[in-house]
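Here our numbering is used: the first residue of the sequence shown is 63, the next is one more, and so on.
No residue lacks a Cβ here, since even glycine has one placed at the ideal position from N, Cα and C.
Accompanying notes for the structure given below.
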Amino acid sequence: MEVIHKIGRRKTAVARVYVAPGKGNITVNKKDMAVYFPTATLQYKVNQPLAMTNNDGNFDITVNVYGGGITGQAEAIRLALSRAMCEVDAENRLILKPEGLLTRDPRMVERKKFGQKKARKKFQFSKR
């Protein structure tokens, strides 16, 4: 099996994931995953597709991620890894799809409109 390359997106974060056979090392932007994602919640999000498909220690994963915040980056990596696991074995799709791990979250920040304070908030109107 050669290296599998997949892309995942969430808000403005973009993750490029390279999956190769190995011992289970996960590198994010040339750092260990535990260093890049210090909280257990974010580490769980990244590992979720691997744990659900029983591929915890089977692959070495290299990730390049940019844009957005730390949570958006973790969820972008999760989507890319889910797509990669589907390419490894088509049976994995039946496991990941019901959990919503193959769905791209379309929610983005709404733009600010002119003449308003924010996207929806207006300036205060006073009758003096």
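Run through DSSP, which three-state label would residue i get?
i: Asn154; result: helix
i: Thr133; result: helix
i: Pro111; result: helix
i: Met147; result: helix
i: Leu141; result: helix
Considering only C-alpha positions, which residue in the set the options is nearest to residue i?
i: Ile69; options: Glu149, Met95, Thr115 and Phe176; result: Glu149
i: Ala75; options: Lys179, Pro168 and Ala138; result: Ala138
i: Pro168; options: Phe99, Lys180, Gly131 and Arg71; result: Arg71
i: Ile88; options: Arg166, Tyr80, Ile123 and Arg145; result: Ile123
i: Gly129; options: Lys85, Gly84, Asn91 and Val108; result: Asn91
i: Arg140; options: Lys93, Gly162 and Gly177; result: Gly162
i: Ile66; options: Val125, Gly177 and Val171; result: Val125
i: Thr103; options: Arg145, Met170, Gly177 and Ile132; result: Ile132
i: Asn154; options: Arg166, Thr165, Gly119 and Leu112; result: Leu112
i: Asn99; options: Glu172, Val127 and Gly177; result: Checking the sequence, you will find Phe at residue 99 rather than Asn. When only C-alpha atoms are compared, the closest one is Val127.
On the premise that residue j lies in contact with residue i, defined as a C-beta separation below 8 Å, what is that separation, rounded to the nearest angstrom?
i: Ala82; j: Phe121; result: 7 Å
i: Lys179; j: Phe187; result: Rounded, the Cβ-Cβ distance is 12 Å, inconsistent with contact.
i: Lys93; j: Gly119; result: Lys93 to Gly119, Cβ: 20 Å. No contact.
Please say whether residue j and residue i have beta carbons closer to each other than 8 Å?
i: Lys73; j: Gly134; result: yes
i: Ala96; j: Gln110; result: no
i: Val79; j: Leu158; result: no
i: Thr101; j: Met147; result: no
i: Ala152; j: Lys107; result: no
i: Arg190; j: Ala181; result: no
Item to check | Contiguous beta strand (DSSP E) assignments of at least 3 residues, all confined to the stretch 65-130 | outcome: 66-72, 75-83, 88-90 and 121-128
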